[in-house]
Amino acid sequence: MPSHRIFAMRFSDVYPLYIKKAERKNRTKEEVDQTIRWLTGYTQAGLQKQVKQGNDFETFFAQAPAINPGSSLISGVVCGVRVEEIEDPLMQKIRWLDKLIDELAKGKTMEKILRK
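Last residue of the sequence shown? That's 121 in my numbering, and every number before it is there in order.
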């Protein structure tokens, strides 16, 4: 079965779109970065290195230091699909990130987004 197109998309191409989506709703780049770091375990320097290197989503998540155990609490619908029901582990991680950015843009508090 062919892999999804999104797996080969460069994270550095999508990252500015995450920021733009958040900023349109009066959220900040720092909050986007904090959300990504929470999910992936990257440091700020590590996150910036991923952006600079232009790695695809597959590499971005493969090199992530540690997916947050709290990510299992992420639920809801992204692109018409319930994120907790996605079977492909990489696709689920990508959709978790999409869901977190959606929550940020919808004005949820950082405590709720980061499942505290």
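The C-beta atom is built at its ideal place from N, Cα and C for all residues, glycine as well.
As the structure is a prediction and not an experimental result, all values here were calculated from the model.
Beta-carbon contacts of residue i that lie in its chain and below 6 Å, excluding the five residues immediately before and after
i, result
"M115", "none"
"A13", "D61"
"K54", "none"
Under the three-state DSSP convention, the category residue i falls into
i, result
"M6", "Here M6 scores only 44 on pLDDT, less than 50, and its place in the model should not be relied on; the value that follows carries that caveat. In this structure, M6 counts as coil in the three-state DSSP scheme."
"T40", "helix"
"I91", "coil"
"K121", "coil"
"A67", "helix"
"T45", "helix"
"R32", "coil"
"K54", "helix"
"G112", "coil"
"I99", "helix"
Cross-strand partners of residue i (DSSP beta bridge)
i, result
"R61", "Before going on, a small fix: residue 61 reads as Asp here, not Arg. Per DSSP, R15."
"V83", "V86"
Neighbourhood of residue i by C-beta, 7 Å cutoff - its chain only, sequence neighbours within 5 removed
i, result
"A69", "T45, G46 and Y47"
"K26", "I106 and A110"
"H9", "M96"
"I118", "T40, L105, E108 and L109"
"S76", "L44 and W101"
Cβ-based neighbour list, residue i, same chain, cut-off 8 Å, excluding 5 preceding and 5 following
i, result
"R100", "V83, C84, V86, V88 and I91"
"R42", "T48, Q49 and L52"
"D56", "Asp is not the amino acid found at residue 56; the sequence shown has Val there. Answer for V56: F16, S17 and Y20, listed in chain order."
"T33", "A27"
Q. For the stretch 91 to 103 against the stretch 61 to 77, are there 3 or more C-beta pairs whose distance is under 8 Å?
A. Yes, the stretch 91 to 103 is in contact with the stretch 61 to 77.
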